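Which chain is which? The protein sequence lines are A and B, in order. The numbers in this note's numbering rise by one with no breaks, and the one at position 74 of the first sequence is 117. The numbers in this note's numbering rise by one with no breaks, and the one at position 33 of the second sequence is 178. Notes follow the structure.
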Amino acid sequence: GAGVSQTPSNKVTEKGKYVELRCDPISGHTALYWYRQSLGQGPEFLIYFQGTGAADDSGLPNDRFFAVRPEGSVSTLKIQRTERGDSAVYLCASSSRQGGEQYFGPGTRLTVT
Amino acid sequence: QKEVEQNSGPLSVPEGAIASLNCTYSDRGSQSFFWYRQYSGKSPELIMSIYSNGDKEDGRFTAQLNKASQYVSLLIRDSQPSDSATYLCAAHGSGNTGKLIFGQGTTLQVKP
Chain A
44 GAGVSQTPSN KVTEKGKYVE LRCDPISGHT ALYWYRQSLG QGPEFLIYFQ
94 GTGAADDSGL PNDRFFAVRP EGSVSTLKIQ RTERGDSAVY LCASSSRQGG
144 EQYFGPGTRL TVT
Chain B
146 QKEVEQNSGP LSVPEGAIAS LNCTYSDRGS QSFFWYRQYS GKSPELIMSI
196 YSNGDKEDGR FTAQLNKASQ YVSLLIRDSQ PSDSATYLCA AHGSGNTGKL
246 IFGQGTTLQV KP
């Protein structure tokens with residue numbers, strides 16, 4: 044079946060602008076995760092959804108970052124007042140259960156100029 | 146800060162050899178462990194999961210877990226040039242969270 048999909052694949056924005064990144068998980072997967080990966084580093088956890096609710100948002104770096112999953116499927120990561128330090132690859136993953144295997148989407152490369 | 150540590154490498158092995166990748170973790174509450182392969186410019190691809198002490202084999206890959214030593218390893222037998230990639234070790238965080246804690250990855254180079 045279809046894997047995790049993410050759009051856009053690339054996003055270039057100016058400092059101070061607002062961006063939205065979208066994730067469509069594997070069908071039937073109730074758990075959805077957002078990570079951020081900088082060059083030469085492993086992915087860094089941002090937020091975890093179980094169904095519609097954010098079960099763990101401890102990785103969000105500050106209040107400029109927000110994510111929603113209103114119907115328990117597609118999720119949107121929202122970043123306000125972008126900064127150059129936000130430039131990274133944003134990865135989404137899904138799994139059928141907490142603690143289970145997580146499958147990653149292709150990522151969105153965000154560049155803030 | 147809960148951590149997962151890996152040697153960044155690069156680890157260079159000749160084609161056909163066994164590649165051994167290692168990882169240690171600090172959170173004794175972690176119960177699930179994963180190995181991902183990541184090609185340059187691509188996203189991580191799950192290759193192995195391991196949940197209990199001992200060895201788990203899948204084709205040319207063997208994952209090993211020792212919870213007492215807080216140590217996870219991945220062996221790749223008959224290494225191929227196509228195995229050249231960065232290998233990420235991840236531990237599932239303890240407590241009521243789904244998050245994975247990743248190491249920085251080990252770069253493997255398999256030379257023909």
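In this text, a Cβ means the ideal position worked out from N, Cα and C, and glycines have one as well. Quick caveat, the model's predicted, so the values are computed rather than measured.
Among all the DSSP beta bridges, which residues are the ones paired with A/Glu126? Its beta-bridge partners do not exist; DSSP assigns none.
Checking contacts by CB at 7 Å: is B/Thr242 closer than that to chain A? Contact of B/Thr242 with chain A is assigned, a C-beta pair being separated by under 7 Å.
Contiguous beta strand (DSSP E) assignments of at least 3 residues, all confined to the region 154–214 of chain B: Counting whole runs of 3 or more residues, the region 154–214 of chain B contains the beta strand (DSSP E) stretches 156–159, 164–170, 178–183, 190–195, 199–203 and 206–211.
Mind checking who A/Val155 pairs with in its DSSP beta bridge? DSSP lists A/Thr56 as partners of A/Val155.
Cβ-Cβ distance between B/Tyr181 and B/Pro189 below 7 Å: Remark: C-beta atoms of B/Tyr181 and B/Pro189 approach each other more closely than 7 Å.
Spatial neighbours of B/Ser157 within its chain, please: CB distance less than 7 Å, with the 5 preceding and 5 following residues excluded, ordered by chain position. In the same chain as B/Ser157, and ignoring 5 residues on each side of it, the C-beta atoms closer than 7 Å to its own belong to Gln254 and Lys256, in chain order.
When you check each C-beta in the region 89–102 of chain A against every C-beta of chain B, which residues fall closer than 8 Å? Under the 8 Å Cβ criterion, the region 89–102 of chain A contributes Tyr91, Gln93, Ala98, Asp99, Ser101 and Gly102.
Do A/Tyr78 and A/Phe88 have their C-beta atoms closer together than 7 Å? Taking 7 Å as the Cβ cut-off, A/Tyr78 and A/Phe88 qualify as a contacting pair.
Touch test, the region 133–140 of chain A against the region 66–76 of chain A, Cβ-Cβ under 8 Å, three pairs minimum: In this structure the region 133–140 of chain A lies against the region 66–76 of chain A, because at least three pairs of beta carbons, one per stretch, are closer than 8 Å.
What residue from A/Tyr133, A/Asp129 and A/Glu126 has the CA that sits closest to A/Thr119's CA? Minimum Cα distance to A/Thr119 is reached at A/Tyr133.
Say whether chain B places a C-beta atom closer than 7 Å to the C-beta of A/Gln141. It does; some Cβ of chain B falls within 7 Å.
Can you pull the DSSP bridge partners for B/Glu150? Residue pairing by DSSP places B/Glu150 opposite B/Thr169 in a beta bridge.
Using C-beta distances below 7 Å, list every residue in its chain close to A/Glu126, excluding the 5 sequence neighbours before and after it, in chain order. Leaving aside the five residues that flank A/Glu126 on each side, the residues in its chain whose CB is nearer than 7 Å to its CB run, in chain order, Lys58 and Val155.
Please work out which residues of its chain come closer than 7 Å, Cβ to Cβ, to B/Leu191, disregarding the five sequence neighbours upstream and downstream, and give them in chain order. Cβ within range, chain order: Phe179 and Tyr181.
My guess is that B/Gly174 and A/Ala98 are in contact by the Cβ rule of under 8 Å, so how many angstroms apart are they, rounded? For a cut-off of 8 Å, the C-beta gap from B/Gly174 to A/Ala98 is around 17 Å, too long to register as a contact.
What does A/Gly71 reach in chain B if we use C-beta pairs closer than 7 Å? Residues of chain B passing the Cβ test: none, with the nearest at roughly 16 Å.
B/Asp200: buried (16+ other C-beta within 10 angstroms of its C-beta) or exposed? B/Asp200 should be labelled exposed.
Can the beta-carbon of A/Ser81 be found less than 7 Å from the beta-carbon of A/Ala131? Taking 7 Å as the cut-off, the beta carbon of A/Ser81 is found closer than this to the beta carbon of A/Ala131.
Would you mind stating whether A/Gly148 and A/Gln84 have Cβ atoms separated by less than 7 Å? No, Cβ-Cβ distance for A/Gly148 and A/Gln84 is not below 7 Å.
Beta-carbon neighbours of B/Pro189, restricted to chain A and to distances below 8 Å: Within chain A, the C-beta atoms nearer than 8 Å to that of B/Pro189 come from Pro86, Leu134 and Phe147, in chain order.
Residues bridged to A/Asp99 (per DSSP): Partner(s): A/Tyr91.
Ignore the nearest five residues each way along the sequence and tell me which others in B/Arg205's own chain have a CB closer than 7 Å to its CB. Cβ neighbours of B/Arg205 within its own chain (closer than 7 Å, five residues either side excluded): Ile221, Arg222 and Asp223.
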